[in-house]
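Reading through the structure tokens given below for one structure.
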Amino acid sequence: MGIDANDIIKNCFKLGIMISINQRLEKDIIELIGGDFGYTIEFMKEYEEDTLEDTPDPEGSLVDRAPVVTVMGHVDHGKTSLLDYLRKANVVAGEAGGITQHIGAYKVKLDSGKEITFLDTPGHEAFTAMRARGGQAADIVVLVVAADDSVMPQTVEAINHARAANVPIVIAINKVDKPEANPERIKQQLSEKDILVEEWGGKYQAVEISAKHGKNIDQLLEKILVEAELLELKANPDKEARGVVLEAKLDKGKGPIATVLVQKGTLKIGDSFVAGIYNGKVKAMFDVRENKMDTAKPSTPVVVLGFDGVPQAGDTFVVLESERDTKAISLKRQQLKREQDFRQVRFVTLDDISKQIHEGKQVELKIILKADTDGSAEALADSLHKLTTNETKVLVIHKAVGAISESDILLAEASGAIVIGFNVRPNLNARKLAEKNNIDVRLYNIIYNLIDEVKNALEGMLAPDISEEVTATIEVRQIFKVPKIGLIAGCYILDGKINRNNKVRLLRDGFVIFDGGISSLKRIKDDVREVESGYECGIGLENFNDVKVGDIIEGYRIVETKRKLITL
Ligand code: GDP
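Taking this note's numbering, I'd label the letters of the sequence shown as residues 184 to 751.
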């Protein structure tokens, strides 16, 4: 659209959607953003998508399949704990060894013999990646809400995700073992978001669990199965497999490997497939315990070997009868991708150039400012803006009252800003995120210190004044030929001192013959670091042998001086 990524991020931010520059967006959000900037978004199909369209399943071919469940909720509400507990308690069920590898999904078997597949992908990547293309991997969402906390922004986000995808939600009210847990309050808050639990006359099933102690987890699984029954999940296992890539990586020994969730048909060793822009042939398949598998039926996650490149999470995975077809399709897709990439790259550079021209060569410091009161935020923003000069520009891109949150850090990352807190601190998650992403977070409680440090930082951004300092003047009085080393100049230090690390210039009749480094510096026979004025020494020049008696060697070093910011 020719719109700066930062503007898009800022726009989303205003809409309450926290995104970072390298995040995939869902189809609806893409449409929303396009609309906001006056564009109508048209989704292009992948090459050959039509030919790869699923064939209708004959009557009677459909059989029950396990539901695929994704766990969502606010950070620290217990998603990982729940998935960990399920993995330990149920996947192992009766089998020795347990899970040996993380593959992004696992299947749980209940005592009744029924199965549930859990997506185990952090950050719900696969879920959003699929939805970015209008598809979906999960049949049911388990929404985890901590009973000692409240319905939080990400809880609401998860509800919106699930609703938009039309995926039923089962509520897991977690941490009920905690004395301060208040499940009723959570139900109350959920009802405000139009999520009415069954016991309040609504349609949403809710279970009060403790992921830490495993309390009521069996009930949760039962409720998931009830929900699944209503969905009548079926698939035809008797055809070529289709599925979605959940995770993929390059393994040092095995090459590209990916976890594929089989959604329809049965995947077999030797099958030819297309996955996104790559193709391949199933060489081997493994489950989470690294057991070899020969076939994988619907709702089964499997690690597949045999890709010719690393696919992306969310890529569709389609088996075709002919290897020639899969190869041709992936080649064409790769070619299209290259063309698209090329167009994008050119676009970005042009954009950047016009931007630089617009702004001259000003450096820009972007700041996200959080403060304890409105008044101090305003005052600080004003003082910071005043630091703008011809060469440096200070931009407070976001200012607000309150603690430094994760969304502040995300915004900082997306826009290349630093975060300043005045009398406020980052919460734990924000701090962790900032550490992980190397975001500069600075905390102050004295206005003067804040302004002063920002000024210093700006001075640091100014290109320093570079000057040169001559450190030694040396006369060449004799030339020695040393086997294997080359020419060594027998010298006398007229002035200053010479250091092994100094740069040197060789002057002959005032002309510079050589400019470079020292390869050896010796006193008598010993290598030394430094020789003072009034002493003799041997100097070898780096890759240079044309030294003559009477030449002058000048030692020098480059001095960078920080420049001061002169404000108006
Ligand atoms: P996530 O960010 O949603 O994946 O949350 P985690 O699973 O990492 O849990 C966050 C914190 O809450 C951890 O310290 C867990 O030990 C704790 N926690 C999770 N579930 C429970 C629970 O049922 N009871 C108690 N007391 N603590 C829990």
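Every residue gets a Cβ at the ideal spot worked out from N, C-alpha and C, and that includes glycine.
Counting C-beta neighbours from all protein chains within 10 Å, is the total for residue i 16 or more, i.e. buried, or is it exposed?
i	result
Met201	buried
Val742	exposed
Val390	buried
His257	buried
Pro362	exposed
Leu514	exposed
Thr338	buried
Lys447	buried
Ile671	buried
Leu552	buried
Asn639	exposed
Leu413	exposed
Gln527	The predicted model places Gln527 with a pLDDT of 47, which falls under 50 and marks its position as unreliable, so this point remains unresolved.
Ser482	buried
May I ask you to report which of helix, strand or coil DSSP gives residue i?
i	result
Gln495	coil
Glu298	strand
Asp710	strand
Ser588	coil
Pro481	coil
Tyr461	strand
Ser702	strand
Pro250	coil
Lys638	helix
Asn682	strand
Lys549	strand
Thr338	helix
Asp434	strand
Ile736	strand
Ser513	helix
Gly217	helix
Gly604	strand
Asn357	strand
Ala506	A quick correction: the sequence has Glu, not Ala, at residue 506. Looking at Glu506 - three-state DSSP - the assignment turns out to be helix.
Pro366	helix
Tyr631	helix
Gln661	strand
Gly453	coil
Should residue i be counted as a contact of ligand 1 given a C-beta to heavy atom distance under 7 Å?
i	result
Gly261	yes
Asn357	yes
Gly218	no
Lys361	yes
Gly256	yes
Ser703	no
Ala431	no
Lys395	yes
Ser264	yes
Val445	no
Val327	yes
Compute the Euclidean distance between the alpha carbons of residue i and residue j, then round it to the nearest angstrom.
i	j	result
Pro239	Ile204	39 Å
Glu229	Ala583	43 Å
Leu302	Ala600	34 Å
Lys667	Arg688	23 Å
Asn189	Asp237	39 Å
Thr750	Thr572	At Thr750, the pLDDT of 46 sits below 50, so the modelled position is not reliable and the matter cannot be decided from this model.
Glu504	Ala345	35 Å
Phe694	Glu713	26 Å
Phe727	Leu641	42 Å
Glu652	Gly717	20 Å
Ile186	Lys395	47 Å
Glu340	Leu563	33 Å
Ala330	Asn343	20 Å
Gly497	Val427	6 Å
Gln372	Ile216	29 Å
Val252	Ile352	10 Å
Val602	Glu547	14 Å
Ala355	Val637	46 Å
Lys297	Arg608	48 Å
Glu725	Asp623	41 Å
Gly723	Ser650	26 Å
Lys549	Gln319	38 Å
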